[in-house]
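The block underneath contains the structure these notes are about, expressed in structure tokens.
Protein chains in written order, with this note's numbering: chain A, 1 to 270; chain B, 1001 to 1255.
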């Protein structure tokens, strides 16, 4: 590719390297390999599906043809988008720490470590998406609106990277940042309609400022778009799409600029 | 700017020395309102230096004079506090033990990683892999994680990579001293070969006789200031004189 500038080519091969290493580290020495990568979302879907769907008797909202009306699937369509975000945010802190010793001895663009890790996560997510789509195909609950799922995943990834760029720099300075982020993400999980439905909020009379936050926070927007795309098979509202795109792109840009500015200091951390 | 040149303009570098620096958010919170105990430490002050392409430049100075920091700034690892450093061309740096090696990766994987950091493709690195393994004398250990390597093996592999990636600028800190006599000799001959090919080399060492043998020009750093640049013999003579005067002073004050 002669048109690429040397620095872009260099970054690209470093991103590839870090992505490869992340994937290998995850599945090396495990006989079942990729199988384990499905266990985490699968158990979450099964456990939450059982607790909320069976024990609490939560009802999944009706789908277009009624075939896919299942609380587990309702969860899965939300969870897949949410875990892109949390995977990148949590991962970014470890990815940066993982290369910080190296960065003290040799110069390379540090953001490639985060982009590489994110790329490995993206591959994993695509495999989950294939499983989700396969299930929906079997249930004949599928439509061209499917493309919005990939849009939701992309926005979620961009937003996660933007946040990840910032928190990973904090974590390089204050190592307990990762615990704080872990706690915050646990709380934030319930700010996103993954285990509950909009109907539940309506019935509970949740309104005012809290409702605005619950409806318009970025992960909630991504999750709703994904739901529309593969569960309800509707075209997402354009203003929600726009808001989701803005959150993803602006957060990524801000995080990127911050990281580029701060990451030089990483080589001077003790 | 021509390939292989390094330009250092008014470069100063400050490190913050923070005592009891908070390492967690919790600690930082508990310390809100208290004055932070930080000292600024100037490692380098107002350095101006031009290293022309194809030259063999040596940096001497006592421990802590800022030689290694200047080399790191040239390598792009740190950012100068003020001033600018520009280097043109593929830059390979051998700065300290295990420079640029990830402990968990094998020697071979690290060679590829290093290549990627220098902007070389896997294919290009594969092409020079044999000569790297050969030069380093690592043998079958190339497929073992580098964390089990001895310090000598680290340096040998590091040097082998640095000189086999066809650098236009090569920065070498005092590391080669770790290798045995035979390896050191091989390093020297290889550096000479690179010099003949037109590579710009910057070498840091305490070994004044070695430096006057190898280098075209020397720079002498003292407490972060570049006090002398010029012909190796002159700079070494000035440096040694200063060291001796310092010794004498120290002896007399002790009496």
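By construction, the Cβ of each residue, glycine as well, lies at the ideal position given by its N, Cα and C atoms.
Supposed contact pair residue j and residue i - C-beta distance, whole angstroms, cut 8 Å
| i | j | result |
| --- | --- | --- |
| residue 92(A) | residue 187(A) | Not really, about 19 Å apart at Cβ, beyond 8 Å. |
| residue 1009(B) | residue 1040(B) | About 21 Å separates the two Cβ atoms, so there is no contact after all. |
| residue 120(A) | residue 157(A) | Contact flag wrong, Cβ pair sits at about 12 Å. |
| residue 155(A) | residue 247(A) | 7 Å |
| residue 162(A) | residue 252(A) | 4 Å |
| residue 174(A) | residue 1025(B) | 5 Å |
| residue 1195(B) | residue 1056(B) | 5 Å |
| residue 148(A) | residue 80(A) | Actually they are not in contact, since the Cβ atoms of residue 148(A) and residue 80(A) sit about 13 Å apart, beyond 8 Å. |
| residue 113(A) | residue 96(A) | 6 Å |
| residue 977(B) | residue 1143(B) | Because chain B in this structure spans residues 1001 to 1255, residue 977(B) falls outside the shown range and cannot be described. |
| residue 1159(B) | residue 1149(B) | At roughly 13 Å, the Cβ-Cβ gap does not stay under 8 Å, so residue 1159(B) and residue 1149(B) are not in contact. |
Reduced DSSP secondary structure (H/G/I, E/B, other) of residue i
| i | result |
| --- | --- |
| residue 1255(B) | Because the pLDDT of residue 1255(B) is 47, which lies under 50, any placement of that residue in the model is unreliable, and the number read from its coordinates should be weighed accordingly. If DSSP states are grouped into helix, strand and coil, residue 1255(B) belongs with coil. |
| residue 1005(B) | coil |
| residue 1104(B) | coil |
| residue 1018(B) | strand |
| residue 1200(B) | strand |
| residue 1034(B) | coil |
| residue 1218(B) | strand |
| residue 10(A) | helix |
| residue 1138(B) | coil |
| residue 57(A) | coil |
| residue 108(A) | coil |
| residue 1085(B) | strand |
| residue 1167(B) | coil |
| residue 1113(B) | helix |
| residue 1230(B) | strand |
| residue 1225(B) | strand |
| residue 68(A) | coil |
| residue 1024(B) | coil |
| residue 1039(B) | strand |
| residue 1247(B) | helix |
| residue 62(A) | coil |
| residue 1180(B) | coil |
| residue 261(A) | helix |
| residue 46(A) | helix |
| residue 1344(B) | A query on residue 1344(B) cannot be resolved here, the shown segment of chain B reaching from 1001 to 1255 and no further. |
| residue 267(A) | helix |
| residue 168(A) | helix |
Residue-level contact to chain B via CB, residue i, 7 Å cutoff
| i | result |
| --- | --- |
| residue 176(A) | yes |
| residue 199(A) | no |
| residue 137(A) | no |
| residue 14(A) | yes |
| residue 24(A) | no |
| residue 39(A) | no |
Residue i at chain A interface by Cβ criterion, 7 Å
| i | result |
| --- | --- |
| residue 974(B) | As displayed, chain B neither begins before 1001 nor continues past 1255, which places residue 974(B) out of reach and without an answer. |
| residue 1188(B) | no |
| residue 1095(B) | yes |
| residue 1193(B) | no |
| residue 1025(B) | yes |
| residue 1230(B) | no |
| residue 1246(B) | no |
| residue 1066(B) | no |
| residue 1100(B) | yes |
Residue i Cβ short of 6 Å to the ligand ZN heavy atom set
| i | result |
| --- | --- |
| residue 139(A) | Ligands in the displayed structure: none, and consequently the ligand ZN is not present. |
Amino acids of chain D, ordered along the chain, whose beta-carbon sits closer than 8 Å to that of residue i
| i | result |
| --- | --- |
| residue 1028(B) | You won't find chain D in this structure, because its protein chains are A and B. |
Please list the segments of the alpha helix (DSSP H) lying wholly inside the segment 176 to 258 of chain A, counting only runs of 4 or more residues, in order along the chain. Secondary structure remark: continuous alpha helix (DSSP H) runs of at least 4 residues inside the segment 176 to 258 of chain A, in chain order: 177 to 188, 198 to 203, 208 to 216, 218 to 227.
Give the residues from the segment 103 to 122 of chain A that approach chain B closer than 8 Å (Cβ to any Cβ), ordered along the chain. Flagged, chain order: 103, 104, 105, 106, 107, 108.
Listed in chain order, which residues of the segment 1129 to 1159 of chain B have Cβ atoms closer than 8 Å to some Cβ of chain A? Those would be none; no residue qualifies.
Select from the segment 1072 to 1093 of chain B all residues with a C-beta closer than 7 Å to any C-beta belonging to chain A, and list them in chain order. Interface annotation for the segment 1072 to 1093 of chain B against chain A: 1075, 1076, 1077, 1078, 1079, 1093, criterion Cβ-Cβ distance under 7 Å.
Start-end ranges of the beta strand (DSSP E) lying completely within the segment 1051 to 1080 of chain B, minimum 3 residues: DSSP runs (the beta strand (DSSP E)) wholly in the segment 1051 to 1080 of chain B: 1056 to 1060.
If contact means a Cβ-Cβ distance below 7 Å, which residues of the segment 243 to 268 of chain A contact chain B? Within the segment 243 to 268 of chain A, the qualifying residues are 264, 267, 268.
If you measure beta-carbon to beta-carbon, which residues of the segment 1198 to 1228 of chain B are closer than 9 Å to chain A? Cβ contacts with chain A: none found.
Give, in chain order, every residue of the segment 1040 to 1062 of chain B whose Cβ lies closer than 8 Å to some Cβ of chain A. Within the segment 1040 to 1062 of chain B, no residue qualifies.
Any residues in the segment 1104 to 1122 of chain B with a beta carbon nearer than 9 Å to a beta carbon of chain A? Which ones, in chain order? Here the close residues are 1104, 1105, 1109, 1112, 1113, 1114, 1115, 1116, 1117, 1118, 1119, 1120, 1121, 1122.
My parser needs the alpha helix (DSSP H) runs of 4 or more residues fully inside the segment 81 to 156 of chain A; what are they? Segments of the alpha helix (DSSP H) lying fully in the segment 81 to 156 of chain A: 111 to 138.
Closer than 8 Å, Cβ to Cβ, to anything on chain B: give me those residues from the segment 180 to 214 of chain A, in chain order. Near chain B, meaning a CB-to-CB distance below 8 Å, the residues of the segment 180 to 214 of chain A are 180.
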